[in-house]
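Reviewing the structure listed below.
In the numbering used here, the protein residues as written are 2 to 283.
Spelled out as structure tokens, the structure:
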């Protein structure tokens with residue numbers, strides 16, 4: 002099976018895209034709702050909580066785990082990949098994040114390429130990143146994009162209350178105001194210039210992609226993470242078929258460290274047809 006880990010519910014937008022793309026595969030999703038949100042926690046704590054979640058999914062049989070959370074990816078993925086996993090007793094297992102495929106799509110450059118190449122090193126487009134406070138302050142998107150496209154102008158904008166409003170099922174007019182304010186603040190940074198590309202750097206935001214499109218304008222290309230991640234995972238599994246071979250039986254499990262009934266009800270915002278969550282511990 003393939004595991005998906007998130008601090009909350011936003012990763013369900015990614016899982017939904019993966020289930021659609023890989024209808025014959027087995028997925029297990031773990032939401033650490035007992036400890037959400039991660040954004041106001043120290044980095045070491047985010048790393049430890051993420052490690053525990055990944056290990057819980059490994060224990061359940063997942064050989065490949067995807068972090069379906071921008072905060073967990075930005076803060077924890079590199080340390081877990083480079084420091085924890087090589088010394089852990091999990092041979093043949095791997096861990097992926099959602100920042101890498103998003104940067105690949107934004108720069109049209111493979112993640113393994115970390116120095117500017119032709120023609121990407123000459124791109125001077127404006128790229129905007131909308132995200133939560135922790136993802137934006139991590140600086141991971143500008144850092145990784147500029148490694149590959151040093152002339153690309155990268156602007157970040159916090160949409161601090163948008164994820165919570167989406168999860169609380171705020172009316173669309175309220176969501177529209179929040180998106181309009183975020184886009185307006187972004188355009189203040191760019192002095193009115195429209196970005197060429199936009200990263201929706203929170204897995205909640207695909208649910209209001211149409212509102213971003215409304216306020217950004219028709220010429221702006223929006224990179225929505227669920228589709229980007231599904232494309233990337235498809236390519237990854239083609240190049241590493243041993244992980245795909247482990248996912249030949251259809252199945253879908255949703256696990257939570259929180260109150261399962263409450264989480265199952267809230268999950269309908271992200272995926273109306275999602276099965277019920279089952280309680281677990283990490």
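Ideal Cβ positions, reconstructed from N, Cα and C, are used throughout, including at glycine.
Bear in mind that the values here come from a model prediction, so they are computed numbers and not experimental data.
{"Item": "Under 7 Å between C-beta atoms of residue 202 and residue 71", "Value": "yes"}
{"Item": "Beta-carbon gap between residue 4 and residue 58 smaller than 7 Å", "Value": "yes"}
{"Item": "Reference residue 80, options 26, 37, 36 and 44, closest by Cα", "Value": "44"}
{"Item": "Residues near residue 21 in its chain [Cβ-Cβ closer than 8 Å; skip 5 each side]", "Value": "231"}
{"Item": "Option in 28, 17 and 37 with minimal Cα separation from residue 164", "Value": "37"}
{"Item": "Inside the stretch 99-183 only - beta strand (DSSP E) runs reaching at least 3 residues", "Value": "127-132 and 154-159"}
{"Item": "Top-ranked residue by Cα proximity to residue 118, from 149, 260 and 132", "Value": "149"}
{"Item": "Given residue 221 as reference, the closest of 101, 188 and 178 once Cα atoms are compared", "Value": "188"}
{"Item": "Distance CB(residue 205)-CB(residue 69) smaller than 7 Å", "Value": "no"}
{"Item": "Residue 200 to residue 211 span [Cα, whole Å]", "Value": "14 Å"}
{"Item": "Option in 159, 55 and 130 with minimal Cα separation from residue 89", "Value": "55"}
{"Item": "Nearest neighbour of residue 50, chosen from 271, 183, 168 and 258 [CA to CA]", "Value": "258"}
{"Item": "Every unbroken beta strand (DSSP E) inside the stretch 70-99 [3 residues or more]", "Value": "95-97"}
{"Item": "Own chain partners of residue 175 with C-beta closer than 8 Å, once the 5 adjacent residues on each side are dropped", "Value": "166"}
{"Item": "Own chain partners of residue 161 with C-beta closer than 6 Å, once the 5 adjacent residues on each side are dropped", "Value": "134"}
{"Item": "contact_flag[the stretch 93-111, the stretch 22-33] where n(CB pairs < 8 Å) is 3 or more", "Value": "no"}
{"Item": "Endpoints, alpha helix (DSSP H) assigned at residue 1", "Value": "Past the edges of the chain, shown from 2 to 283, lies residue 1, and the structure says nothing about it."}
{"Item": "Alpha helix (DSSP H) segment containing residue 49, residue limits", "Value": "44-60"}
{"Item": "Among 237, 233, 242 and 255, the one whose alpha carbon lies nearest that of residue 102", "Value": "233"}
{"Item": "Beta-ladder partner(s) of residue 7, from DSSP", "Value": "32"}
{"Item": "Counted within 10 angstroms of its Cβ, other Cβ atoms place residue 115 as buried (16 or more) or exposed", "Value": "exposed"}
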